[in-house]
Each structure stands twice: as structure tokens, then as C-alpha cells.
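The next block holds one structure in the form of C-alpha cells; read it before the comments.
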Amino acid sequence: MSTTASAARVRVWSGEFRPDRRAVREARATARRLLPWLGHRGELDAPVLIVSELVTNAVEHGSSLEDTALLLRLSVHPCGGLSVEVTDGGTTPPGPPAPPPCPEAESGRGLFLVHALGARTTWEQAATGKTMRAFLPLGGTVPR
1 MSTTASAARV
11 RVWSGEFRPD
21 RRAVREARAT
31 ARRLLPWLGH
41 RGELDAPVLI
51 VSELVTNAVE
61 HGSSLEDTAL
71 LLRLSVHPCG
81 GLSVEVTDGG
91 TTPPGPPAPP
101 PCPEAESGRG
111 LFLVHALGAR
121 TTWEQAATGK
131 TMRAFLPLGG
141 TVPR
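Numbering follows my numbering, in which position 125 of the sequence shown is assigned residue number 125; successive positions increment by one, without gaps.
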């Protein structure tokens, strides 16, 4: 089987969402609809949950009343892996990985869940905020 140049390229989609709670539901629905179109060959539940958690964190911890948008970027790599990036207006870096929250806690599981799904996370300061990124290899196994 031959590989064409177009098959070896990263397929990318990006879009903006209002930085409020509605963005979480809208981003989940967008990811579920677009990931197959971008060429994602794996199941959708884990990637959609990762989108949900990163957007939730951006809304709750990274946005201010002055922010006009969150940027969601989905990239499907030729290896089958998926990058999810969320850029918000926040300037506070994410804290160190936290231990699992107590079972009665109503929040605090976002990045713990993202890591439990097999994604590797990174972040960087952006021009007007920060970008949180999660990479999920096809099959959920992170290369070391």
C-alpha cells in the first residue's frame, strides 16, 4: 500500500467558543462530529472527554470577564494520535499534577482523568493567555 503526501499530513481544525459553561457542551459536540472527518480512527469517548475537561478548566480557571473567546484546536496526526489544544486568556500556569480527589469531591478530576485516559499534557504561555495541550496516541498508549 502506498502513502500519498496528503495522507501523511496532520489534519487540523480550530474554532472559537465563548468562555462560558455552554462552551463545554458545544466543544464536546463539535469534537464528536469533526474527529472522524479529520481522520481520527479510534473511538470517540476518550477524546471527547479530554476536550470536555480542557475546555471546562479553561472556563473555570483560565478565563476572565474580559475574555471574548476560547480557542479549541483538534489535530489528527499521521500516526493516528490526536492533539487537543485549548487557548484561554489566563496567565496563571496550571499547577502540578494533583493526586486523585477524595470520592466525595464535586470537582478536581479534570487533568487526573485526562492522564488516566493515556494522554500526555503540556502547556505554554501564549501571546494573550496560555495554551493547554493533550496528546492522545491512537490506542491511548503514550510513547515515552
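Beta carbons: idealized from backbone N, C-alpha and C, even for Gly.
What does residue i pair with, by DSSP beta-bridge criteria?
i   : result
S83 : S75, F135
D88 : K130
L70 : F17
G53 : The question names Gly, yet the displayed sequence has Glu at residue 53. In DSSP, E53 forms no bridge with anything.
V12 : S75
Expressed to the nearest angstrom, what Euclidean distance is found between the alpha-carbon atoms of residue i and residue j?
i    : j    : result
C102 : P19  : 28 Å
R41  : K130 : 29 Å
W13  : L38  : 8 Å
R22  : A29  : 11 Å
A27  : V55  : 7 Å
G81  : E66  : 34 Å
L72  : R25  : 13 Å
G110 : E43  : 20 Å
L138 : R33  : 18 Å
D45  : T68  : 28 Å
H115 : P36  : 23 Å
Since residue i contacts residue j with CB under 8 Å, what's their CB separation in whole angstroms?
i   : j    : result
V86 : M132 : 5 Å
Counting only the same chain and skipping the five closest in sequence on each side, list residues whose C-beta sits under 7 Å from that of residue i.
i    : result
A31  : P47, V48, V51, L74
L113 : L49, E53
Between residue i and the rest of its own chain, which residues show a CB-CB distance below 6 Å, the 5 nearest in sequence each way excluded?
i   : result
R11 : L38, G39, V76
D88 : A58, G62, S63, L70, G129
P94 : W123
By Cβ distance, which residues of its chain are closer than 8 Å to residue i, with the 5 residues on each side in sequence left out?
i   : result
T91 : Q125, G129, K130
P78 : A7, A8, R9, V10
E16 : A69, L70, L71, L72
Next item on the list: Please list the segments of the alpha helix (DSSP H) lying wholly inside the segment 17 to 51, counting only runs of 4 or more residues, in order along the chain.
Entry: 22 to 38
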